[in-house]
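Notes for the one structure printed next.
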Amino acid sequence: MIALVPLVVLLPLLGAALALLFSRRPILQRAITVVVLAAVAVLAIVLLVEVDTGATLVMQVGGWPAPFGVSLVVDRLSALMLSISAIVLLAVLVFAIGQGLADGDQETPVSIYHPAYLVLAAGVFTAFIAGDLFNLYVGFEILLVASYVLITLGGTEPRIRAGTTYIVVSLLSSLLFLAAIAMLYGSTGTVNIAQLSERIADLPAEVQTLLHVMLLMGFGIKAAVFPLSFWLPDSYPTAPAPVTAVFAGLLTKVGVYAIIRTETILFPSPELNTALLIVALLTMVFGILGAIAQADIKRMLSYTLVSHIGYMMLGVGLGTAAGVAAAIFYTVHHIVVQTTLFLAAGLIERRGGTTSINSLGGLLKASPVVGILYFLPALNLGGIPPFSGFLGKLGLLQAAAAVGTPLAYTLIGAAVVVSLLTLYPLARTWNLAFWRPRSEVDNYESMITAELHDDPWADGSTTTRSLSGLMVGATTAMVCVSVGITLLAGPLYALSTRAGDDLQGTEQYVSSVLDPDPATDAEGAAP
Amino acid sequence: MTVSLGLLIPMAVLYACGVYLLLEKSITRVILGFLLIGNATNILLLITAGRPGSAPITDGSSDEPYSDPLPQALILTAIVITFAVSAFLMALVYRSWKLAREDALEPDAEDLAVARRAGASAEVPEGAYRDTDFETEDDPLEPSAAADDDEAAEAGSGTRG
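Residue numbers (my numbering), protein chains in the order written: chain A, 1 to 527; chain B, 1001 to 1161.
Given below as structure tokens:
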């Protein structure tokens, strides 16, 4: 079973190489990408079942024992994130293939899209199974370099502009992370996460704080936590719909995952929890205020993404097992819902020719399917019962109430208000784009559009294109997954709770990496 | 841990210069800044290897101390990553230059619109772009000048290359 662990990274990387070799055979290339990601999705679910019923899987690469070699660690949190990201990557890939087929591949140059997409997947998976801080850095770099290619796909002027902002900000966060690794190594003499966890506790308090803040800054930029989130709404919306969807769903969550690991394994002491909670509050509030001001659906969704990162920070900042468990459940829910909404925005763009709600109208009549595919995840994101968004928020609020400090209660209040405010831009989009008759779009006078202005540099083109079955199918599948998370919320929440419990107290993680039982050791030595 | 001043001072200087260049509006300078900070971080990694001067690695038969090989391995990885990313960034700058004839990073259109709506001045101060001009002293913000610029660039592109 342990031999499956490196396969989740190896398969996408080998697939990327194959896809690049066959860049002139589009059909073969698509087949390779789909098969590889489907295989990884199956593998990840097998790993999840295995890890949940058995022990944490630890692979020592090359047979070198733990503190010297590179460890790959799959515990419940890793396996859960692996499974959900593999499913999301597969669905978005099908959407992209549908869009490529319908457009004759003018918008997504097929020869580089598929290899870059697989490399991105490999980077995400590497980050999730890294048991070594430097390996985590390498995972981040793999996914970032692939994302640079994807965000500037086609090389049009707006994409180059947005891509440059994105790349420079990402580079800065990577350099911060690398400098933090150097300083951690200088002070502890190891980069193995389990060994770091043992040794950091012996460092002087000021050194600990410095290292902790540097790591959080590096991950905070990637996760788009409030003061470090400015880059996200500027760079995501210009990319093609499938790229934005996968970025919004996964890339920020890799940052959130790294923050969860930092807070639970590396620095379990509660010294920065108050700061994290305040940052969570600001992220929620400023994100949603930004979303309300936007006329463009993709930009509005980017701001709601930032806003909801605040909920995950809330769970992590509480520092309790219940808080971390709720944050994990909310992360899984949010990956699915945010990706689905961006895919739905892609469908709206094709059907209505634009993503500005000032110029959209009559979509419900024109395409009821798109209406349903937008409406369900929108309600879910807003946290309407009985959807998983409601359950995740309920878990977070219960965890916060259990802590019971005045700050925790302030956050409960803010989370409820932000949840209501989230409904406003989503419902406004529904009213204007779907319910408003097409004939009323010109000269439309209303209080809700008085302050909404379009992007002054938008080209204003409103070419509508037909929807392909694959695109609608992929989005429908994602909506089904989000409904599935709602239906299976009980077992999934129990799983998140077990994952959160695993992370409470570092002993379990440390002992499973550093003192593996002889059986796993022997298996690990023979790759 | 002994830290060599000979490494510490270059590291500090590289970081300082790198941060200064990263804050520039010209993308070329941002790349240079990124390269400097990347190298400064590599030196930081090298410093963590401890005292210089010991043997690179020994077979373990003598008690002689040898230097820690791990930071060197980390630096090698970091250099490869920095190299790949700077190559990509340079391609990006070239593309940006071909498209816009401008090395500066444009402010986000939506941000400008929001600033304008709020009544705040979104105008870029006079001469803000001047330090990035390549061939002309025309202010690229002036629409007419920019248009002339484009024509001149178009006309010149044949001879240039």
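We treat Cβ as the ideally placed atom computed from N, Cα and C, and that holds for glycine.
| What is the DSSP secondary structure of N192(A), counted as helix, strand or coil? | On the first sequence, residue 192(A) is found 192 positions in, with the first residue counted as 1. Residue state, collapsed to three classes: strand.
| query | With DSSP run on the structure shown, which of helix, strand or coil describes L467(A)? | reply | Numbered from 1 along the first sequence, position 467 holds the residue referred to as residue 467(A). Of the three classes helix, strand and coil, the one that applies to L467(A) here is coil, per DSSP.
| request: Please classify P204(A): is it buried, with 16 or more other beta-carbons within 10 angstroms of its beta-carbon, or exposed? | output: Position 204 of the first sequence, counted from the start, is the residue given in the question as residue 204(A). The residue is exposed, with fewer than 16 neighbouring Cβ atoms inside 10 Å.
| query | Does the beta carbon of R1101(B) come closer than 7 Å to any beta carbon on chain A? | reply | Numbered from its first residue, the second sequence carries residue 1101(B) at position 101. So no, R1101(B) is outside the interface.
| message | Using only CA atoms, which one of L1005(B), S1004(B), I1031(B) lies nearest to C1017(B)? | response | Taking the second sequence and counting its residues from 1, one reaches residue 1017(B) at position 17. Distances from the CA of C1017(B) to each of L1005(B), S1004(B), I1031(B) were compared; the closest alpha carbon is that of I1031(B).
| task | State the CB to CB distance for the pair L211(A) and L184(A), rounded to an integer number of angstroms; the pair is presumed to be in contact (CB under 8 Å). | result | One-based indexing of the first sequence puts residue 211(A) at position 211. One-based indexing of the first sequence puts residue 184(A) at position 184. L184(A) and L211(A) do touch by the CB rule: their CB atoms are close to 6 Å apart, below 8 Å.
| request: Check each residue of the region 173 to 188 of chain A: if its Cβ is closer than 7 Å to any Cβ of chain B, include it; give the result in chain order. | output: Against chain B - using a Cβ distance shorter than 7 Å - the residues of the region 173 to 188 of chain A are L175, L178, A179, A182, Y185, G186.
| message | So with CB distances below 7 Å, who are the chain B contacts of L171(A)? | response | What you label residue 171(A) is simply residue 171 of the first sequence in a count that begins at 1. Neighbours of L171(A) on chain B, chain order: F1034, V1085.
| said: Using a Cβ-Cβ cutoff of 8 Å, what residues of the region 115 to 141 of chain A are near chain B? List them in chain order. | reply: Sequence-ordered contacts of the region 115 to 141 of chain A with chain B read F134, V138, E141 [C-beta pairs closer than 8 Å].
| task | May I ask which residues mark the beginning and end of the alpha helix (DSSP H) holding S71(A)? | result | To locate residue 71(A), count along the first sequence from 1; it is residue 71. For S71(A), no alpha helix (DSSP H) encloses it; the enclosing beta strand (DSSP E) starts and ends at 71 to 74.
| What number of angstroms, rounded off, separates the C-alpha of M478(A) from the C-alpha of F267(A)? | For the purposes of this step, residue 478(A) is taken as the residue at position 478 of the first sequence. For the purposes of this step, residue 267(A) is taken as the residue at position 267 of the first sequence. If I take the Cα positions, the gap works out to 35 Å.
| said: Suppose contacts are defined by Cβ-Cβ distances below 7 Å. Is G1063(B) in contact with G1050(B) by that definition? | reply: Taking the first residue of the second sequence as 1, we reach residue 1063(B) at position 63. Taking the first residue of the second sequence as 1, we reach residue 1050(B) at position 50. Note that residue 1063(B) is Asp in the sequence shown, not Gly. Remark: C-beta atoms of D1063(B) and G1050(B) do not approach each other more closely than 7 Å.
| Do the CB positions of L396(A) and L495(A) come within less than 7 Å of each other? | Here residue 396(A) refers to the residue found at position 396 of the first sequence. Here residue 495(A) refers to the residue found at position 495 of the first sequence. Here L396(A) is not near L495(A), since their CB atoms are 7 Å or more apart.
| said: Going by the DSSP bridge assignment, what does L57(A) pair with across the sheet? | reply: As a working note, residue 57(A) is residue 57 in the first sequence. In DSSP, L57(A) forms a bridge with V74(A).
| query | Can you find a C-beta in chain B that's less than 7 Å from the C-beta of E507(A)? | reply | Your numbering for residue 507(A) matches position 507 in the first sequence. No - not a single Cβ of chain B is within 7 Å of the one on E507(A).
| request: Measuring alpha carbon to alpha carbon, tell me which of V94(A), A86(A), S111(A), D75(A) ends up nearest R24(A). | output: Counted from its first residue, the first sequence places residue 24(A) at position 24. It is S111(A) whose Cα lies nearest to the Cα of R24(A).
| task | Could you please give me the residues that DSSP links to S356(A) through a beta bridge? | result | For this step, residue 356(A) is matched to residue 356 along the first sequence. DSSP, once it has assigned bridges, lists D296(A) as partnering S356(A).
| request: For Y148(A), return the contacting residues in chain B, with the cut-off set at a CB-CB distance below 7 Å. | output: For the purposes of this step, residue 148(A) is identified with residue 148 of the first sequence, where counting begins at 1. Those within 7 Å of Y148(A) in chain B are F1088.
| request: Report the residues of the region 1033 to 1055 of chain B with a CB closer than 8 Å to any CB of chain A, ordered along the chain. | output: Close to chain A, meaning a Cβ-Cβ distance shorter than 8 Å, are the following residues of the region 1033 to 1055 of chain B: F1034, I1037, G1038, T1041, L1044, L1045, I1047, T1048.
| query | Using DSSP with H/G/I as helix, E/B as strand and the rest coil, what is A1055(B)? | reply | Residue numbering aside, residue 1055(B) sits at position 55 when the second sequence is read from its first letter. Secondary structure of A1055(B) (DSSP, three-state): strand.
| Endpoints, the alpha helix (DSSP H) within which Y1162(B) is located | Limits of chain B in this structure are 1001 at one end and 1161 at the other, which puts residue 1162(B) out of reach.
| W435(A), enclosing alpha helix (DSSP H) - first and last residue | As a working mapping, residue 435(A) is identified with position 435 in the first sequence. No alpha helix (DSSP H) contains W435(A), which DSSP labels as neither H nor E.
| task | Identify which residue in A433(A), L282(A), A321(A), L381(A) has its Cα closest to the Cα of A402(A). | result | If you number the first sequence from 1, residue 402(A) lands on position 402. Selected option, being the one with the closest Cα: A321(A).
| task | Report yes or no: do three or more beta-carbon pairs, one from the region 1041 to 1049 of chain B and one from the region 1085 to 1095 of chain B, lie closer than 8 Å? | result | Segments in contact, no.
| query | In chain order, what residues of the same chain lie with their CB nearer than 7 Å to the CB of I412(A), ignoring the 5 residues before and after it? | reply | In the first sequence, residue 412(A) corresponds to position 412, counting from 1. Correct list, in chain order: L397, A400, A401.
| said: Can you tell me whether P518(A) is buried or exposed? The criterion is at least 16 other CB atoms within 10 Å of its CB, across all chains shown. | reply: Taking the first residue of the first sequence as 1, we reach residue 518(A) at position 518. The predicted position of P518(A) is uncertain, since its pLDDT is 47 and thus under 50; a value taken from the coordinates is nonetheless stated next. Exposed, since its Cβ has fewer than 16 Cβ neighbours within 10 Å.
| said: Nearest by alpha-carbon distance to L7(A): which of T56(A), I27(A), V61(A), D52(A) is it? | reply: Position 7 of the first sequence, counting from 1, holds the residue named residue 7(A). Ranking T56(A), I27(A), V61(A), D52(A) by Cα distance to L7(A) puts V61(A) first.
| query | In chain B, what lies closer than 7 Å to G404(A) by C-beta? | reply | Counted from its first residue, the first sequence places residue 404(A) at position 404. Within 7 Å Cβ-Cβ: nothing; G404(A) doesn't reach chain B, min ~39 Å.
| field | Where the alpha helix (DSSP H) containing K253(A) begins and where it ends | value | The residue given as residue 253(A) occupies position 253 in the first sequence. Counting along the chain, the alpha helix (DSSP H) containing K253(A) begins and ends at 252 to 261.
| said: Three Cβ pairs or more, each shorter than 8 Å: is that satisfied between the region 231 to 249 of chain A and the region 330 to 344 of chain A? | reply: Contact check between the region 231 to 249 of chain A and the region 330 to 344 of chain A: three or more CB pairs, one atom from each, fall below 8 Å, which counts as touching.
| field | T1077(B): contacting residues in chain A (beta-carbon distance under 7 Å) | value | As a working mapping, residue 1077(B) is identified with position 77 in the second sequence. Against chain A, the beta carbon of T1077(B) has neighbours under 7 Å at V138, listed in chain order.
| query | Is D52(A) helix, strand or coil when you go by DSSP? | reply | Mapped onto the first sequence, residue 52(A) falls at position 52. Helix at D52(A).
| Can you list the residues of chain B that E157(A) reaches, using a CB-CB cut of under 7 Å? | Looking up residue 157(A) in the first sequence gives position 157. Chain B residues near E157(A): L1099, A1100.
| In the structure shown, what three-state DSSP assignment does A325(A) receive? | Translated into positions along the first sequence, residue 325(A) becomes position 325. Assigned with DSSP and collapsed to three states, A325(A) falls in helix.
| said: By alpha-carbon positions, which one of P233(A), V138(A), T56(A) ends up nearest to A1078(B)? | reply: Residue mapping note: residue 1078(B) aligns to position 78 of the second sequence, counting from 1. The candidate whose alpha carbon is nearest that of A1078(B) is V138(A).
| message | When you compare the CB of S1096(B) with every CB in chain A, is at least one pair closer than 7 Å? | response | Sequence index remark: in the second sequence, residue 1096(B) carries index 96 (1-based). Yes, its Cβ sits closer than 7 Å to a Cβ of chain A.
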